[in-house]
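Here is the structure we will look at.
Now the structure itself:
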């Protein structure tokens, strides 16, 4: 019998653990099996961490796409925090960096409009026949200033392949939602999970500014759909279960309504 692949076993274990502890569990697995560190960091989506750009004083989000060893690149200054001393880091081309600056400005406006706070970061890099990148959005709140915090983390990874007057976009979006509260009257509650969706689309392109607009439109549409799906999963399903366990009207009233309904259907049939 062939032995199980360590990486597959690690992923299988993470699927069975509480989603709100994913960051901690990934860190522990990296300590147990250092050889899996790179693969785990590239494959497992975890809540985004925040760093401060020392040059601009602005916060930015950290993920595997702006990481080089133990340093992370700021989208605002295009420099690593902390600085990389041993050798030059791989940087994107001048054209892609200009698009990255425009995209960060655009999504900073998007963040303020839709999240009314939080942090956004966009990172782009060169690929054959085009470019790729990721759009990161994060907002955390502490209801009433006490108890557990709730957070929304969205990670949109895309690839744009240039074609004649059009571009082919591949977008993979992940939303990590953590809802927690702790109060003396309500007790403790945790709702945590993530959702992943993918889409491919061809869109017209006139110049590099069109890429930023197209990506923004795709991310906006995807976040809207995923937000509605999460609301249905988290709250719609919970409401259905509660209604099945304990109805608001009395059983006598419910049976009376059902009897009236059956009588109306019967008369309509005759």
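In the numbering used here, the protein residues as written are 418 to 687. For every residue, glycine included, the Cβ atom is placed at its ideal position computed from N, Cα and C. Everything numeric in this text was worked out from a predicted model, so none of it was measured.
Three-state secondary structure (DSSP) of residue i
| i | result |
| --- | --- |
| residue 466 | strand |
| residue 613 | strand |
| residue 481 | helix |
| residue 534 | coil |
| residue 439 | helix |
| residue 594 | strand |
| residue 605 | strand |
| residue 517 | helix |
| residue 509 | coil |
Neighbourhood of residue i by C-beta, 8 Å cutoff - its chain only, sequence neighbours within 5 removed
| i | result |
| --- | --- |
| residue 418 | Unreliable placement is indicated for residue 418, whose pLDDT of 42 sits below 50; no coordinate value is reported for it. |
| residue 431 | 439, 442, 443, 446 and 461 |
| residue 639 | 573, 588, 590, 614 and 616 |
Bridge partners - residue i, DSSP secondary structure assignment
| i | result |
| --- | --- |
| residue 497 | 490 |
| residue 540 | 551 |
| residue 453 | None, per the DSSP bridge assignment. |
| residue 587 | 576 and 617 |
| residue 558 | 567 |
| residue 476 | 469 |
When the options are compared against residue i, the one with the closest alpha-carbon
| i | options | result |
| --- | --- | --- |
| residue 570 | 679, 609, 426 and 432 | 609 |
| residue 611 | 487, 492 and 572 | 572 |
| residue 651 | 616, 640 and 607 | 607 |
| residue 532 | 676, 637 and 546 | 637 |
| residue 551 | 478, 436, 674 and 672 | 478 |
| residue 484 | 675, 613 and 496 | 496 |
Backbone CA spacing between residue i and residue j [nearest angstrom]
| i | j | result |
| --- | --- | --- |
| residue 633 | residue 523 | 8 Å |
| residue 726 | residue 617 | No information on residue 726 is available, as it lies outside the stretch 418 to 687 that the chain covers here. |
| residue 646 | residue 595 | 15 Å |
| residue 520 | residue 677 | 60 Å |
| residue 530 | residue 625 | 24 Å |
| residue 544 | residue 435 | 35 Å |
| residue 628 | residue 464 | 27 Å |
| residue 547 | residue 428 | 31 Å |
| residue 672 | residue 656 | 21 Å |
| residue 513 | residue 421 | 41 Å |
| residue 635 | residue 619 | 11 Å |
Cut-off 7 Å between Cβ atoms - residues of its own chain near residue i, not counting five sequence neighbours on either side
| i | result |
| --- | --- |
| residue 423 | 450 and 453 |
| residue 597 | 565, 566, 567, 606 and 607 |
| residue 471 | 498 |
Same chain only: Cβ atoms within 6 Å of residue i, ignoring 5 sequence neighbours per side
| i | result |
| --- | --- |
| residue 476 | 467, 469 and 536 |
| residue 515 | none |
| residue 459 | 481 |
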